Amino acid sequence: MVEARNSIHGQWSSRWAFVLAATGSAVGLGNIWKFPYITGENGGGAFVLVYLLCIAVVGVPVMMSEIMLGRRGRQSPINTMRTLAREEGRSGGWQILGFSGVLAGFLILSFYSVIAGWALSYVVSAVGGTFTAITAERSGEIFGELVSNPGVQLFWHTLFMGITMFVVARGVREGLERAVRLLMPALFVLLLVLVGYAMNSGGFMQGVHFLFDADFSKITTDGVLIALGHAFFTLSLGMGAIMIYGSYLPENVSITQATFTVAIADTVVALLAGMAIFPIVFANSLEPGAGPGLIFQTLPVAFGAMPGGLFFGTLFFILLVFAAWSSAISIIEPVVAWLVESRGMSRKRASIVSGLITWLLGIATVLSFNLWSELKLFDKTIFDLLDYLTTNIMLPLGGLMIALFAGWAMKNSHSMGELGLKRSGYKIWQILVRYVTPVAILVVFLNKIELI
């Protein structure tokens, strides 16, 4: 261990505080909004198995590495990589890893906040009974009216960014930790209640079979690429969030145990979300491969037609907001930490500055659904391009650099000391992070580039 290297931002009060925070970072819109619809688009059970393999072979080793780098550096990702590169006698160019992660997080939160704003809007609509006995046509119209109105979207985007920065400005213990201690248990309870509701929907077993029966004829190369990209997106890897959370991790906490706990919790949430959503979809003869509109267009019809739908529909969209909120505060934290460390700002001012810049970037996503919908690059709208660039390029490349630095640039004595693994466990991690993970990332990344 490095002596006398402590984070100026404080640290988590316990292992469970870190686990809740990291799980909160990992569990977000990726689990509840994105995972169900990409599973639906890519054939169900076979895609789930490929996704779980990506989590185990790529996600877990990279997460262990990212937490390790964060705890050893005890600073924002940019300054951590500068410090560790110097410590290991490596090029200062490794700072690029920190910069790219912070930039990826910035870009992701700019559109993530807009989608979270949709969820906030739908909570209000659900409470007001808007979805009661709603038709599929009317549901599509409501969603269309929301995304076509830049003013309304901007209001919800602004509100979500406001509540996110309020938490971040309060610091590690009073802001981040206190928020996740409330949000994560509430999220799990809400999700279990919704799964219980789905069990009585009449389509539960059909949903379970769709989610867990594997038909590998439905898996395509693009499906594998999507599974890998989503593994990075859902675990918040390569964007600095896990690294900064790792920098607040007490030295006596096992990185390996914490990583497996977070990865399992994140995966369970994704699968529970599928078990809550697909039975409702099938019970109402709806299309599981409905794409991004599955949550905002398809499910309101289902909730509107089912007994207790107003109550459970409201719970579902509250769950979606909670998941987005817990992730958003982790995504912006690396930027805030860097501004405090390198620009001498107070935490409150750093939160305002970073939140304002992210909010401004988000306006481009808002407009991409209406006034700028015809503005396309590589045949993609601004939103589609940001989603593609971050999920399929920046996060995997960030993960690749993390694996290379942890596996090759760091001295074995340093990484073994931080991970606290026995020699056999360390060798397994080292083989994965040195060879298996980089090769897997490069293969799918190069294939993805060919598919552009």
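Residue 421 in UniProt numbering sits at position 421 of the sequence shown; the count goes up by one each step and never skips. The beta carbon of each residue, even a glycine, is placed where N, CA and C say it ideally should be. Remember, predicted model here, so these are calculated numbers, not experimental data.
Just tell me which of Pro77, Trp16, Trp33 and Phe282 has its CA closest to the CA of Ser7. Within the sequence shown, numbered from 1, the residue matching residue 7 stands at position 7. The shortest C-alpha separation from Ser7 is found at Pro77.
Beta-carbon contacts of Leu319 that lie in its chain and below 8 angstroms, excluding the five residues immediately before and after: Position 319 of the sequence shown, counting from 1, holds the residue named residue 319. Cβ within range, chain order: Ile32, Leu187, Leu190, Leu191 and Leu194.
Between which residues of its own chain and Val180 is the CB-CB distance below 7 angstroms, once the five residues before and five after are set aside? Counted from its first residue, the sequence shown places residue 180 at position 180. Apart from the 5 residues on each side of it in sequence, Val180 sits with its Cβ closer than 7 angstroms to the Cβ of Leu20, Ala21, Gly24 and Ser326 in its chain, given in chain order.
Would you be able to state if there are at least three C-beta pairs under 8 angstroms between the region 211-229 and the region 48-57? Enough Cβ pairs lie closer than 8 angstroms, so yes.
Determine the contact status of Asp266 and Ala46, defining contact as a CB-CB distance below 9 angstroms. Within the sequence shown, the letter at position 266 stands for residue 266. Within the sequence shown, the letter at position 46 stands for residue 46. Result no, Cβ atoms of Asp266 and Ala46 do not sit closer than 9 angstroms.
Buried or exposed: Ser298, going by 16 or more other Cβ atoms within 10 Å of its Cβ? Residue 298 sits at position 298 when you count from the first residue of the sequence shown. A small fix is needed here, since residue 298 is Thr in this sequence, not Ser. Counting Cβ neighbours within 10 Å, Thr298 comes out buried, since at least 16 surround it.
Per DSSP, what kind of secondary structure is Leu377 in: helix, strand or coil? Position 377 of the sequence shown, counted from the start, is the residue given in the question as residue 377. Leu377: strand per DSSP, three-state reduction.
So, are the CB atoms of Gly43 and Ile295 less than 9 angstroms apart? Locating residue 43 in the sequence shown gives position 43, counting from the first residue. Locating residue 295 in the sequence shown gives position 295, counting from the first residue. Remark: C-beta atoms of Gly43 and Ile295 do not approach each other more closely than 9 angstroms.
Residue range of the alpha helix (DSSP H) that includes Ile428: The count along the sequence shown starts at 1 and reaches residue 428 at position 428. Boundaries of the alpha helix (DSSP H) harbouring Ile428: Arg423 to Ile431, taken from the DSSP string.
Where does Ile452 fall in DSSP's three states? Stepping through the sequence shown from its first residue, residue 452 is reached at position 452. For Ile452, the pLDDT reaches just 49, beneath the cut-off of 50, and the residue's location in the model is therefore unreliable, although a value from the coordinates is still provided. The answer is coil: DSSP assigns Ile452 none of H, G, I, E or B.
Whose CA, out of Ser413, Val443, Val208 and Ile382, lies closest to the CA of Gly362? Translated into the one-based positions of the sequence shown, residue 362 becomes position 362. Among Ser413, Val443, Val208 and Ile382, the Cα nearest to that of Gly362 belongs to Ile382.
DSSP-derived helix/strand/coil call for Arg138: The residue you call residue 138 lines up with position 138 of the sequence shown. Residue state, collapsed to three classes: helix.
Within 10 angstroms of the Cβ of Lys376, are there 16 or more other Cβ atoms? Answer buried if so, exposed if not. As a working note, residue 376 is residue 376 in the sequence shown. That one is exposed.
When the distance is taken between beta carbons, is Glu177 closer than 9 angstroms to Ala409? As a working note, residue 409 is residue 409 in the sequence shown. As a working note, residue 177 is residue 177 in the sequence shown. No. Outside cutoff.
Taking Trp338 as part of the alpha helix (DSSP H), name the residues at either end of that continuous run. As a first step, residue 338 is located in the sequence shown; it is residue number 338 there, counting from the start. Counted as a single uninterrupted DSSP element, the alpha helix (DSSP H) harbouring Trp338 occupies residues Gly309 to Arg343.
For Gln257, which of helix, strand or coil comes out of DSSP? As a working note, residue 257 is residue 257 in the sequence shown. Note: Gln257 maps to helix in three-state DSSP.
Backbone CA spacing between His414 and Leu272 [nearest angstrom]: For the purposes of this step, residue 414 is taken as the residue at position 414 of the sequence shown. For the purposes of this step, residue 272 is taken as the residue at position 272 of the sequence shown. Distance from the CA atom of His414 to the CA atom of Leu272, rounded to whole angstroms, is 38 angstroms.
Could you compute how far the alpha carbon of Gly196 sits from the alpha carbon of Gln153? Within the sequence shown, residue 196 is the residue found at index 196, counting from 1. Within the sequence shown, residue 153 is the residue found at index 153, counting from 1. Approximately 32 angstroms, taken between the alpha carbons.
Look at the alpha carbon of Ile242 and the alpha carbon of Phe316, and state the distance between them as a whole number of angstroms. Along the sequence shown, read from residue 1 onward, the residue named residue 242 stands at position 242. Along the sequence shown, read from residue 1 onward, the residue named residue 316 stands at position 316. Going by the C-alpha atoms only, they are around 27 angstroms apart.
With a threshold of 16 other CB atoms inside 10 Å of the CB of Val124, please say whether the residue is buried or exposed. The residue given as residue 124 occupies position 124 in the sequence shown. The residue in question, Val124, is exposed, as its Cβ has fewer than 16 Cβ neighbours within 10 Å.
Once the 5 residues before and after Ser13 are set aside, which same chain residues still bring their CB inside 7 angstroms of it? On the sequence shown, residue 13 is found 13 positions in, with the first residue counted as 1. So the list reads Arg173 and Glu177, once near-sequence residues are dropped.
Cβ-based neighbour list, Met68, same chain, cut-off 8 angstroms, excluding 5 preceding and 5 following: As a working mapping, residue 68 is identified with position 68 in the sequence shown. The answer, listed in chain order, is Gly246, Ile255, Ala406, Ser415, Glu418 and Leu419.
If you measure between the beta carbons of Ile329 and Thr164, is that distance less than 9 angstroms? Your numbering for residue 329 matches position 329 in the sequence shown. Your numbering for residue 164 matches position 164 in the sequence shown. Here Ile329 is near Thr164, since their CB atoms are less than 9 angstroms apart.
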